[in-house]
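In full-length UniProt numbering, the protein residues as written are 1 to 250. Heads up, the beta-carbon is just placed ideally off N, CA and C, and yes, glycines get one too.
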Ligand SMILES: Nc1ncnc2c1ncn2[C@@H]1O[C@H](COP(=O)(O)OP(=O)(O)OP(=O)(O)O)[C@@H](O)[C@H]1O
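Given below as structure tokens:
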């Protein structure tokens, strides 16, 4: 579980996060949605400690991340897995080397155990017989799956994904969403995903946080989001002609 209490963050005169309080539960796919520039990335970066917040607190279970020293923060970072926009694989490393990377950096396993673990994770995301290929030699969807395998290599308690299905076709995007959802359940991880993708919301939004101008403007789940009377959220959800059409038919 990750808990935010009254988090504020600004850059110079720009207040980007305003008094944000949220509880992200373990074993759930938590989604952060909102317009471009609303503060989603700053929020995610604040949660993982890439930004220091100005005030408020962030707890990882009962551990106060905000008041920890660097050494203690590093220990918590070992419990985090991350899938960045675009996959962010190392181009000069093979598929297997990419997944081995966090194990080489942070685990005490033997070489053989590391290779076994890397292969277990690749197998979990349904990638076989591709260990020696390089990122440029595999499809975008496969790259995302390798990124997910790398993110779960250290058996994280917390998984963070920034636009995990950007650049993918709708069918592959759903495969990636479902994979993240399944492994969240399987390993009881606290998963937080930044997304623009309304399909992700409909498929897997067990908890959805709507950020608007740096405020938490709404929270609920995938069933509640289509029946909300929050005008701002409705404008966001039904921004596309397709969704307007679906709404008019329902
Ligand atoms: N390091 C920074 N320094 C100054 N301003 C920043 C910094 N990072 C973000 N901002 C500002 O904070 C605001 C929120 O940005 P953020 O990247 O969190 O938006 P977002 O909701 O993730 O947008 P998008 O969906 O387009 O990625 C923007 O006005 C942005 O210019």
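- Judged by beta-carbon spacing, residue 177 lies beyond the 8 Å limit of residue 212, meaning their Cβ atoms are not closer than that value.
- Here residue 135 really is in contact with residue 143; their C-beta atoms are around 6 Å apart, less than 8 Å.
- Collapsing the DSSP output to three states places residue 173 in a helix.
- Within the segment 22 to 79, the complete beta strand (DSSP E) segments at least 3 residues long are 28 to 33, 55 to 60, listed from N- to C-terminus.
- Linking residue 8 to residue 53 through their CA atoms gives a straight-line distance of about 6 Å.
- Considered as a whole, the segment 144 to 217 harbours 158 to 162, 190 to 194, 207 to 212 as its complete beta strand (DSSP E) runs of no fewer than 3 residues, in chain order.
- For the pair residue 67 and residue 78, the Cα-to-Cα distance works out to about 18 Å.
- With 16 or more other Cβ atoms from the protein chains shown falling within 10 Å of its own Cβ, residue 38 counts as buried.
- Closest in C-alpha terms to residue 65, from the list 98, 4, 99, 89, comes 4.
- At least one heavy atom of ligand 1 is found less than 7 Å from the C-beta of residue 41.
- At a Cβ-Cβ threshold of 8 Å, residue 88 and residue 189 do not count as neighbours.
- Contact check for residue 162 against residue 85 passes: the beta carbons are separated by less than 8 Å.
- In the structure shown, the three-state DSSP call for residue 236 is helix.
- Under the DSSP assignment, residue 2 falls in the beta strand (DSSP E) whose first and last residues are 2 to 11.
- Within 7 Å of the C-beta of residue 27 there is not a single heavy atom belonging to ligand 1.
- As computed with DSSP, residue 20 is found in a beta bridge with 7.
- In this model, residue 14 and residue 186 are separated by some 40 Å (Cα to Cα).
- Contact check for residue 33 against residue 192 fails: the beta carbons are separated by 8 Å or more.
- For residue 120, the uninterrupted alpha helix (DSSP H) run begins and ends at 111 to 124, by DSSP.
- Contact between residue 184 and residue 23 is ruled out by a C-beta separation of about 16 Å, above the 8 Å threshold.
- Only residues of its own chain outside the window of five on either side were considered, and among them 165, 173 have a CB closer than 7 Å to the CB of residue 197, listed in chain order.
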